[in-house]
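I have placed the structure first, in the form of structure tokens, so that the comments after it can refer back to it.
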Amino acid sequence: MLKMNGISKSFGRLHANENVDLIVEYGEIHGLLGENGAGKSTLMNILFGLLQPDSGTIEVDGKIVKINSPKEALELGIGMVHQHFQLVPTLTVAENLTLTTPGPMLQLDLQKISDYISEISQKYDLEVNPSARISDLSVGQQQRVEIIKLLFRNAKIIVLDEPTAVLTPSEWQRFTPFLKRLTEEGRSIVFISHKLDEQFDASNSCTVLRHGKSIGTRVMAETDKDDLVEMMVGKTLAVAEVRQTIASDAETLLKMSHVSTRSAIGRVGLQDISLNVKSGEILGIAGVDGNGQDEIVDVLLGLLDMLSGNVELRGVCSTAMSPSKWRELGGALVTADRHTTGVALQLDLADNLLVTERHNPELVRLGAFSKAAVERHVTDQLNSFDVRGAQPNVTMAQLSGGNQQKLVLAREMNREIDILIAAQPIRGLDIGAAQTVHDRILQHRNNGGATILISTELDELIKLSDRIVVLSGGCIVGQINNDESFNFDELAGLMAGGNAT
Amino acid sequence: MISRRHQISSQVVSVSAPLLIVFLALAMGLLAVLLAGKSPVDAVEAIYKGAFGNTRSISSTISRMVPMCLVALGWIIAFSTKRVSIGFEGQIIAGGAAAAYVGLTLNGLPAFVHLPLALIAAVLAGGFWVALPTFMWARRGVHEIITTLLMNLIALEMISWLVRGPLQEASGTFARTDPISANSTWPTIIDGTRLHWDALMVLVLIVTVAYVLKKTTFGLALRFVGANPVAACYQGLNSTRISVGALLASGGFAGLAGSSLILAQPTSTMSATFSGGYGYEGIVVALLARNNPYAVIPVAFLFATLRQGSGLLEAKVGVSSAIVTVIMGVIVIGVSVGVLLAEKFNKQQIAEAAK
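In order, the protein sequences belong to chains X and S. If you read the first sequence in the numbering used here, its first letter stands for residue 7, the second for the next number, and so on. If you read the second sequence in the numbering used here, its first letter stands for residue 40, the second for the next number, and so on.
Structure follows, in structure tokens:
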């Protein structure tokens, strides 16, 4: 039995885990549920010795243990299958297994390992050929190889991190019986997923994390979706900000009609998405991360090809959209993942602020930045969002996450804009800064701007949005007007699985 | 917020680390001389005299800096977008061959037309030689580090064929071309020496590259793409196209380096070995200069001194000039390790400062 007791871990002022309890019995599949940022990764990093908890204990089979590395975890019988597989694509299945085998490499017996794989493969009906090259296997097969790797090392507790993200629905249907077979032999599985259907499919019980705290553990047979959703998102006390009635003849600034895109590994396919945002309107997009939010942004910016449908910006049908055209037409974008898509960490603050100003005649003469104007501009930008203590020549990596976000907001919002896409705009910000950001978005709305607000925080959506659409699996599963008729349970129901109550 | 003390200490590291490496490499070279039973003092003296003994040797040392600096600039431009081209040797050959061809064929043109034409041909040929690897990278993601290296081998074969075939001297005696038209060569700064006016062109180009990278919108685009190509796309930069531009420009610089090896030499013929390894040495110069265009000058000066001085070392002290290659080799290894260590140190400083 695995028992994590009162685990706490803080990074600066952020409490990533606060008094988290997790008990996993042998012979069960135990679900771990929670939004991105709820503290699942931190908890697992602590279990595998990548982080040490500030307080709390880990017990394996009744003994308190201290785990310093994934290797030590594996020696205790705890293994993990990561979202990104740790396999060498050019080697065969058997060769990959030998890489993780302890002992001197010279004594390896590839035949013995191959026999073992064949045996396991037959026993569980896995169809894994020991001499097949990893790069020739499907993603689902590679996942099974990862599990065989752990079985080979005698893991008793197997953690699966978002295993379904890479599986097709039919692969998933074959995967659950396999997991159940493993538990019948007395092993236990920790199944991390924020998809409720899958938790009900596979898990015997599950623990919900929210904002770094363990909210509770439920036996699946004794609970339902509504209960779990409420645990995940919490009852909200958020109240809508002062509304501004949208004139019925307000101009529709942005319109997406019947947009569909191709799905791929790591890419949700959008299905028949239609959205429109009017001048002075804030459209909220709710849904768990990875259900099509990024894809909608990429389609709007012209970075992702549509299979069908079209996008109109201020009445102009733009088949050839690009990020620069988006900006020219008065668009602004605050991306959800600033490190990947927002900033260049190695460059300094001035560079990160100026990258979008390359065609600004006030700052650029004959292709070169004019020094005085640039200095004024950069200082103004940094001050306007109170990027604390930052000198323009400090590199982006040296700023805290909150200050990085403020810089992005300054770059995107401190100019004439009509349409704003704000994805997770307050992620990583403290309350004061978050309020500043929200005030700016409302100010933008009051000036007649259109806004798409993408957030996993219902509080934020309810506070700001005029309408909220709910995304699930690349589809819009429902739309709710955030007015007197607003009903929280209706929104929660939509998020739970698409069947509006 | 990082403190001033941390910033200063990391600056000290980034300047002092290369100096330390060079010093250690020189010490090791002299140790080898000592082990060979010769006097290190004599060796230092020989290198000094060989490189700075008289006007001729000083001129030669400076003239050796020209192709090194040009290749280093090419590397800096490509690497500003994090593209790693090691095909400069081939691009030098292509550029030199194109310059020689223009020099040999368009006789009768006035110098102010002929020389620029030869230079333009060299730049285009250098760019052309990197175009195929660039295209393969842009379209198919084939890593340019392999393809540019392989293009070097093709260029080597091509040049040995050219000087034994279509461009061989009329008498057919040696594997080299006829002397090219004097109107297409660079005039000398000091008569009777190797020092030509192309040295001034290099100086201008160094200032230009430094300015473009640091102050212009295009330079920012290059650096942003290099730092984060995905984010660059979201900010409206076409990362692929910009990287392609950088690679082609770097080829142009190497082509220009090739032209200097033909158009600014005492013997104005082209042989099969004229590229002389400058395509690789220039990369080391850029790395040791930590991709700073201005720092290229002192580093190239050091390398040119060693190369130029090594001739006299062999003649006077009786130590193989290969010792200089050993010293350069140690510098290369030291730089590779040193850069890693310095980066690690900087990261630690940042991490500590962030706490």
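From the three backbone atoms N, C-alpha and C, an ideal C-beta is built for every residue, glycine too.
| Asked | Found |
| --- | --- |
| Does X:Gln430 come within less than 8 Å of chain S when only Cβ atoms are used? | no |
| Who are the Cβ neighbours of X:Trp178 in its own chain at under 6 Å, not counting the five residues just before and after it? | Thr170 |
| Using a Cβ-Cβ cut-off of 8 Å, state whether X:Ala506 counts as contacting chain S. | Bear in mind that the predicted position of X:Ala506 carries a pLDDT of just 37, short of 50, making it unreliable; the figure below should be weighed with that in mind. Taking Cβ atoms only, chain S never reaches closer than 8 Å to X:Ala506, which makes this a no. |
| Just to confirm the assignment, what range does the alpha helix (DSSP H) spanning S:Thr256 have? | 256-266 |
| Looking at the structure shown, is X:Asp495 part of a helix, part of a strand, or coil, going by DSSP? | helix |
| One question on the structure: do S:Lys77 and S:Val363 come within less than 8 Å of each other, judged by their Cβ atoms? | no |
| Could you name the residues of the same chain whose beta carbon sits closer than 8 Å to that of X:Asp67, not counting the 5 residues immediately before and after it, in chain order? | Met7 |
| For X:Gly336, I'd like the list of residues in its chain whose CB is within less than 8 Å of its CB, leaving aside the five on either flank, ordered along the chain. | Arg320, Glu422, Ile423, Asp424, Ile425 |
| Taking the DSSP output, what are the residues bridged to X:Asn3? | With chain X running from 7 to 507 in the structure shown, residue 3 of chain X is simply not present. |
| On a CA-only basis, which of X:Arg417, X:Gly373, X:Gln404, X:Leu369 is nearest X:Ser390? Give me that one, please. | X:Arg417 |
| So, helix, strand or coil for S:Arg215, using DSSP? | strand |
| Taking 7 Å as the cut-off, is the beta-carbon of X:Asp392 closer than that to any non-hydrogen atom of the ligand GTP? | Of ligands this structure carries none, so the ligand GTP is not represented either. |
| In whole angstroms, what is the alpha-carbon distance linking X:Ala506 and X:Lys186? | Low local confidence applies: a pLDDT of 37 at X:Ala506 is under 50, so the model's placement there is unreliable, and no value is given. |
| Give, in chain order, every residue of the region 259-274 of chain S whose Cβ lies closer than 8 Å to some Cβ of chain X. | Leu259, Ala260, Arg262, Phe263, Ala266, Asn267, Val269, Ala270, Ala271, Cys272, Tyr273, Gln274 |
| Between the Cα of S:Ile229 and the Cα atoms of S:Leu239, S:Ser223, S:Ser220, S:Asn222, which residue gives the shortest distance? | S:Leu239 |
| Report buried or exposed for S:Tyr263, applying the criterion of at least 16 other Cβ atoms within 10 angstroms of its Cβ. | The residue you asked about is not Tyr; residue 263 of chain S is Phe in the sequence shown. Label assigned to S:Phe263: buried. |
| Report the neighbours of X:Gln352 on chain S: residues whose CB is nearer than 7 Å to its CB, in chain order. | Ala266 |
| Tell me which residue opens and which closes the alpha helix (DSSP H) that S:Phe118 is part of. | 94-119 |
| Figure out for me which residue from X:Pro136, X:Val322, X:Ala208 has the closest Cα to the Cα of X:Glu257. | X:Val322 |
| In this structure, how does DSSP classify X:Glu65 when only helix, strand and coil are distinguished? | strand |
| Tell me, please, whether the CB atom of X:Ala374 is closer than 8 Å to any CB atom in chain S? | yes |
| Going by the DSSP bridge assignment, what does X:Val87 pair with across the sheet? | X:Leu166 |
| At least one CB of chain X closer than 8 Å to the CB of S:Lys121: is that the case? | no |
| Using a Cβ-Cβ distance cut-off of 8 Å, determine whether X:Arg180 contacts chain S. | no |
| What three-state label does DSSP hand X:Thr457 in the structure shown? | strand |
| Select from S:Thr306, S:Thr312, S:Ala270 the residue whose C-alpha is nearest the C-alpha of S:Ser220. | S:Thr306 |
| Restricting to runs no shorter than 4 residues, where is the alpha helix (DSSP H) found entirely within the region 382-407 of chain X? | none |
| Once you ignore the five residues that flank S:Ile301 on each side, which residues in its own chain have a CB closer than 6 Å to its CB? | Gly135, Ala138, Ala139, Met309 |
| Using a threshold of 8 Å, state whether the C-beta atoms of X:Leu132 and X:Ile140 are closer than that. | no |
| Are the beta-carbon atoms of X:Gln299 and X:Ala379 separated by less than 8 Å? | no |
| What is the DSSP secondary structure of S:Gly373, counted as helix, strand or coil? | helix |
| Given this structure, state the Cα-to-Cα distance separating S:Thr187 from S:Leu195, to the nearest angstrom. | 13 Å |
| With respect to the alpha helix (DSSP H) encompassing X:Gln58, which residues constitute its N-terminal and C-terminal limits? | Here X:Gln58 belongs to no alpha helix (DSSP H), and DSSP marks it neither H nor E. |
| According to DSSP, what are the bridge partners of X:Phe375? | X:Val370 |
| Look up X:Lys72 in the DSSP assignment and say whether it is helix, strand or coil. | coil |
| Which residue wins for smallest C-alpha separation from S:Arg95, given the options S:Val202, S:Gly348, S:Ile372? | S:Gly348 |
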